[in-house]
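A quick write-up on the structure given underneath.
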């Protein structure tokens with residue numbers, strides 16, 4: 028593997044785990060194993076070991092602080108049993124729920140990867156401008172370059188915050204599209220029936 | 028003491044401590060005992076007990092997460108032994124250059140001495156607010172009193188960091204501008220004259 | 568009840584109905600963002616406040632809302648209508664089925680996201696930096712003080728004269744017309760401005776007029792005009808003084 032050489036650490040893993048703990052408690056976003064290795068100047072394999080030590084200590088039911096694998100990295104969150112208490116003190120990232128339009132738009136961006144407003148409008152059959160603007164405002168999607176260079180429409184992708192809010196390790200945790208839309212075949216048959224009856 | 032009545036909790040203190048842990052890991056600012064009592068709907072005395080339990084668990088040398096009492100309440104911080112790793116995490120890569128707007132603003136402040144945002148805007152022909160704010164944030168310029176007493180606009184001067192970044196022992200080491208008249212007043216006058224000629 | 572004054576309070580628009588129509592027609596408001604059902608509800612609510620059914624208002628409202636709906640429908644399928652029309656019925660059905668299937672899947676994906684959001688409702692995490700986190704250090708590379716002097720010099724440089732190239736006007740030099748008039752007046756003692764310059768562009772005529780003023784200032788010519796908009800006559804000032812010159816050169 029192509030990885031920069033690191034000095035073989037003589038630190039015991041529990042000391043490394045303490046350093047990882049410290050990094051996770053001050054970080055503003057989930058930290059990937061590579062980022063942790065970079066900051067601790069230690070080996071990714073040892074970081075993994077430290078993380079499994081910590082996962083055991085900071086787990087639901089045992090601790091108020093829970094370590095989770097989310098949005099491509101590792102992060103602390105509050106235990107679920109403290110949800111009510113947290114709700115009294117903090118706003119949720121998505122406090123007021125999401126409209127149908129917003130959820131559909133979010134689903135399209137999450138599944139199709141970077142796509143433009145016209146792309147979204149084509150699938151939904153209605154313009155997506157205000158839904159897109161609302162999702163950008165909430166930080167759930169963000170601009171990701173333009174379609175074919177400088178002049179094209181702006182493309183949007185989901186953010187790490189989206190994965191955190193929905194508790195996803197990565198986008199690959201979304202259900203497979205093939206498993207969705209069970210009544211699609213029925214619709215297809217009906218449409219073909221109608222087409223046969225129509226005079227060409 | 029005037030305090031709203033609370034139900035006497037039958038929860039053991041260690042469960043309360045877990046909830047307090049959870050609140051502290053989510054908080055973006057230190058939490059006061061009263062806030063913790065509010066969120067947990069528990070008694071401030073019991074919160075104090077929970078906090079001393081936690082202080083013992085999250086202490087320097089024992090854990091990478093350290094609970095600290097600061098002005099305004101309680102908050103988690105990284106253990107000192109993790110200071111170096113945290114430094115590496117938070118150290119952003121070297122920023123190569125300054126924008127043209129920032130350079131112009133910096134040059135005006137460096138050559139003309141303390142001047143206000145309206146001064147800078149007049150000379151540059153465009154508003155200087157964001158350029159000034161950016162330079163203040165980077166620590167390259169700083170406030171230096173007000174124009175003619177208390178009511179006037181804030182004046183800005185360059186900082187020692189500015190001198191360090193530009194490799195100057197003092198402002199007198201700035202490259203000479205003999206071609207523009209050399210002394211500050213002549214240069215200032217000339218800049219104002221040119222600014223007026225510029226099409227609006 | 569005046570339909571045009573119907574007050575609307577929609578997600579994308581707040582104000583009277585006629586303002587909404589105006590904005591839509593001026594393309595300043597995207598009709599696809601407008602909830603037409605919301606307009607209908609607003610109208611029906613207003614209608615219900617009345618004791619008698621206002622048939623005139625109903626008629627006017629129907630016409631306006633029908634027009635809005637047609638505009639909206641067209642806006643939503645700008646090219647697709649044409650695309651689908653070119654297909655055989657079987658192909659069109661397949662294309663529609665494909666699109667419906669795609670939308671159907673996204674709708675279910677959206678429902679999955681909604682469920683997920685509800686089930687993850689008790690997950691709380693910190694947004695942004697920790698209270699006692701170290702402040703990120705923004706390091707600036709070493710800079711060259713010469714660039715400060717450079718930008719000050721740029722600020723002190725005379726602004727360039729605005730270019731008129733983009734105006735696509737070709738200005739012939741004034742001297743060209745000065746010479747032309749002198750040549751004409753060498754052959755004739757008197758010329759008619761409009762006649763001589765007929766067929767030239769407005770810009771050229773303007774420059775020619777400048778040339779005249781130039782010659783007049785030098786005392787080389789006299790200009791007469793009997794009345795405003797009357798023909799401008801130009802004569803050599805030395806005609807009276809030196810008639811022989813005219814004769815000789817004629």
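Residue numbers (our numbering), protein chains in the order written: chain A, 28 to 227; chain B, 28 to 227; chain C, 568 to 817.
The beta carbon of each residue, even a glycine, is placed where N, CA and C say it ideally should be.
Check                                                                                                                                                                       : Outcome
Relative to the C-alpha of residue 111 (chain A), which candidate in C:689, C:767, C:802, C:755 has its C-alpha closest?                                                    : C:689
Would you list the residues sitting across from residue 142 (chain A) in a DSSP beta bridge?                                                                                : A:183
With DSSP as the reference, identify every bridge partner of residue 759 (chain C), one or two as the case may be.                                                          : C:800
Is it true that the CB of residue 664 (chain C) sits closer than 7 Å to the CB of residue 123 (chain B)?                                                                    : no
If you measure between the beta carbons of residue 143 (chain A) and residue 89 (chain A), is that distance less than 7 Å?                                                  : no
Mapping DSSP to helix, strand and coil, what is residue 161 (chain B)?                                                                                                      : helix
Checking contacts by CB at 7 Å: is residue 48 (chain B) closer than that to chain A?                                                                                        : yes
CB residue 169 (chain A) to CB residue 132 (chain A), shorter than 7 Å?                                                                                                     : no
Cβ of residue 167 (chain A) less than 7 Å from any chain B Cβ?                                                                                                              : no
Quick check on DSSP: helix, strand or coil for residue 104 (chain A)?                                                                                                       : strand
Going straight from the alpha carbon of residue 171 (chain A) to that of residue 91 (chain B), what length do you get?                                                      : 36 Å
Which residues in chain C sit within 7 Å of residue 113 (chain A), going by Cβ to Cβ distance?                                                                              : 691
Please state if the CB of residue 98 (chain A) and the CB of residue 164 (chain A) are separated by a distance shorter than 7 Å.                                            : no
Can you find a C-beta in chain C that's less than 7 Å from the C-beta of residue 75 (chain B)?                                                                              : no
To the nearest angstrom, report how far apart residue 619 (chain C) and residue 632 (chain C) are at their CA atoms.                                                        : 22 Å
Restricting to runs no shorter than 3 residues, where is the beta strand (DSSP E) found entirely within the region 64-130 of chain B?                                       : 92-97, 100-105
Run through DSSP, which three-state label would residue 174 (chain B) get?                                                                                                  : coil
Residues of the region 704-730 of chain C in Cβ contact with chain A at a cutoff of 7 Å, in chain order, please.                                                            : none
Nearest by alpha-carbon distance to residue 199 (chain B): which of B:69, B:48, B:140 is it?                                                                                : B:140
How would you label residue 67 (chain A), buried or exposed, when you count the other beta carbons within 10 angstroms and need 16 or more for buried?                      : buried
Where residue 186 (chain A) and residue 639 (chain C) are concerned, what is the direct C-alpha to C-alpha distance, given to the nearest angstrom?                         : 32 Å
To the nearest angstrom, how far is the alpha carbon of residue 197 (chain A) from that of residue 60 (chain A)?                                                            : 14 Å
Hey, would you say the C-beta of residue 174 (chain B) is under 6 Å away from at least one heavy atom of the ligand MN?                                                     : Of ligands this structure carries none, so the ligand MN is not represented either.
Against chain B, with Cβ distances strictly below 7 Å, would residue 695 (chain C) count as a contact?                                                                      : yes
If I'm right that residue 58 (chain A) touches residue 50 (chain A) with Cβ under 8 Å, what's the distance once you round it to whole angstroms?                            : 6 Å
Would the beta-carbon of residue 582 (chain C) fall within 7 Å of that of residue 55 (chain A)?                                                                             : no
Closer than 8 Å by beta-carbon distance: list the chain C residues that pair up with residue 157 (chain A), in chain order.                                                 : 578, 579, 600
If you run the structure through DSSP and keep just helix, strand and coil, what is residue 214 (chain B)?                                                                  : helix
In its own chain, which residues sit with a C-beta less than 8 Å from the C-beta of residue 86 (chain B), not counting the 5 before and 5 after it?                         : 93, 94
Mind checking the region 175-186 of chain B against chain C and listing, in chain order, the residues whose C-beta falls within less than 8 Å of any C-beta there?          : none
Closer than 9 Å by beta-carbon distance: list the chain C residues that pair up with residue 194 (chain B), in chain order.                                                 : 709, 710, 711, 712
Pick from C:616, C:744, C:611: whose alpha carbon is nearest that of residue 629 (chain C)?                                                                                 : C:611
Between which two residues does the alpha helix (DSSP H) holding residue 605 (chain C) run?                                                                                 : 603-616
Note down, in chain order, each residue of its chain lying with its Cβ closer than 6 Å to the Cβ of residue 811 (chain C), except the 5 sequence neighbours on either side. : Because residue 811 (chain C) sits at a pLDDT of 39, beneath the cut-off of 50, its placement in the model cannot be relied upon, and the point is left open.
Which residues in chain C have a C-beta closer than 9 Å to the C-beta of residue 97 (chain B)? List them in chain order.                                                    : 698, 699
Should residue 672 (chain C) be labelled buried (16 or more other beta-carbon atoms within 10 Å of its own) or exposed?                                                     : buried
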